[in-house]
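Colleague: From first to last, the protein sequence lines stand for chains A and B. Our numbering applies: residue 585 is where the first sequence begins, and numbers increase by one. Our numbering applies: residue 585 is where the second sequence begins, and numbers increase by one. Here it is: the structure, laid out below.
Number of protein chains: 2
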Amino acid sequence: MKKTKKSKRVLIYDEEGLKLLASKLKEVRAKQGYTQEDLAYESGLSLSQIARIETVKINPTVSTIFCIARTLDVPVSELFDFKISKKTK
Amino acid sequence: MKKTKKSKRVLIYDEEGLKLLASKLKEVRAKQGYTQEDLAYESGLSLSQIARIETVKINPTVSTIFCIARTLDVPVSELFDFKISKKTK
DNA sequence: CAAAATTATAGCACTTCTGCTATAACTATT
DNA sequence: AATAGTTATAGCAGAAGTGCTATAATTTTG
Numbered sequence: 585m586k587k588t589k590k591s592k593r594v595l596i597y598d599e600e601g602l603k604l605l606a607s608k609l610k611e612v613r614a615k616q617g618y619t620q621e622d623l624a625y626e627s628g629l630s631l632s633q634i635a636r637i638e639t640v641k642i643n644p645t646v647s648t649i650f651c652i653a654r655t656l657d658v659p660v661s662e663l664f665d666f667k668i669s670k671k672t673k
Numbered sequence: 585m586k587k588t589k590k591s592k593r594v595l596i597y598d599e600e601g602l603k604l605l606a607s608k609l610k611e612v613r614a615k616q617g618y619t620q621e622d623l624a625y626e627s628g629l630s631l632s633q634i635a636r637i638e639t640v641k642i643n644p645t646v647s648t649i650f651c652i653a654r655t656l657d658v659p660v661s662e663l664f665d666f667k668i669s670k671k672t673k
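Structure below.
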């Protein structure tokens with residue numbers, strides 16, 4: 585007898601927002617003259633992780649963003665200073 | 585011969601910021617008269633996840649926060665509208 | 001107080017994030 | 001063009017996020 589197929593889990597991966605976050609990060613980082621490596625080193629994150637975020641390869645955790653904001657010395661809200669679309673309903 | 589011990593990975597878990605996020609979320613959610621279950625249902629997240637965030641049990645991903653912000657119809661930056669301590673040093 | 005509603009906790013399965021290391025692909029700079 | 005600097009990609013291992021289900025604890029309501 586066939587097992588009841590579990591409904592496939594819907595992944596939470598908001599590409600729109602992640603793209604906006606990525607470009608905000610690149611913008612702020614570049615403005616401060618940091619390379620990805622500088623940022624990685626100072627924040628204690630890995631270089632690959634910074635690159636993954638900026639190239640929208642992953643969905644980082646908020647603590648990761650906190651680390652970055654601290655290092656860049658900007659409010660966390662600045663990295664999220666963009667509009668995402670409303671729920672379509 | 586002893587294997588070189590790998591340096592223990594430092595976990596990224598910013599309790600300070602996560603607490604602030606949690607209280608912001610509770611505040612905004614309550615102000616709009618949503619229960620955790622309402623928010624979970626409308627956002628497509630699980631109730632347990634909302635509870636975990638508000639009780640600072642986990643370090644959510646940014647997409648999760650995007651979902652919540654959309655449902656509550658507030659800018660993402662509003663949920664991060666607080667100050668975290670600067671890097672020491 | 002009793003019942004209902006809401007929030008919190010727990011364990012499991014599964015997926016994904018993260019660090020690490022190495023390497024490739026770009027981008028200046030000379 | 002060659003070199004160095006920077007950014008992007010890839011695979012692995014281990015830690016952690018997430019949904020689901022159930023249940024406990026707490027708060028609100030009658």
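Ideal placement from N, C-alpha and C gives every residue a C-beta, glycine not left out.
Straight-line CA distance for A/I634 to B/I634?
Modeller: So the alpha carbons of these two residues sit roughly 27 Å apart.
Colleague: Going by Cα to Cα distance, which pick from B/F650, B/A614 and B/L631 is closest to A/S669?
Modeller: When only C-alpha atoms are compared, the closest one is B/F650.
Colleague: Does A/V640 get closer than 8 Å to chain B when you measure Cβ to Cβ?
Modeller: no
Colleague: Do A/N643 and B/T655 come within 8 Å of each other at the CB atom, strictly closer than that value?
Modeller: No.
Colleague: Considering A/S661, what are the terminal residues of the alpha helix (DSSP H) in which it resides?
Modeller: V660 to L663
Colleague: Any C-beta of chain B sitting closer than 8 Å to the C-beta of A/D598?
Modeller: yes
Colleague: Cβ atoms of B/L602 and A/S647: under 8 Å apart, would you say?
Modeller: By the CB criterion at 8 Å, A/S647 and B/L602 fall inside the cutoff.
Colleague: Give me the DSSP bridge partner(s) of B/T645.
Modeller: A/T645
Colleague: By the criterion of Cβ-Cβ separation under 9 Å, what are the contact partners of B/S661 in chain A?
Modeller: P659, V660, S661, E662, L663, F664, D665 and F666
Colleague: When DSSP labels each residue in this structure, what does B/I637 get in the three-state scheme?
Modeller: helix
Colleague: Distance, Cα to Cα, B/V658 vs A/P659?
Modeller: Here the C-alpha atom of B/V658 lies approximately 18 Å from the C-alpha atom of A/P659.
Colleague: Taking only three categories from DSSP, how would you classify B/L602?
Modeller: When secondary structure is reduced to three states using DSSP, B/L602 falls in the helix class.
Colleague: Sorted by chain position, which residues of the same chain lie with C-beta nearer than 7 Å to A/K592's C-beta, five sequence neighbours on each side aside?
Modeller: No answer about A/K592 holds up, because its pLDDT of 46 lies below 50 and its placement is not dependable.
Colleague: Under 8 Å, do A/I637 and A/A606 count as touching if we go by C-beta distance?
Modeller: yes
Colleague: With a threshold of 8 Å between beta-carbons, can B/R617 be considered close to chain A, or not?
Modeller: Correcting the residue identity first, residue 617 of chain B is Gly in this sequence and not Arg. Interface residue (Cβ-Cβ distance to chain A less than 8 Å): B/G617 is not classified as such.
Colleague: Between which two residues does the alpha helix (DSSP H) containing A/L629 stretch?
Modeller: Note, A/L629: premise wrong, no alpha helix (DSSP H); not H, not E.
Colleague: From B/E621 to A/D622, what distance separates their C-alpha atoms?
Modeller: 42 Å
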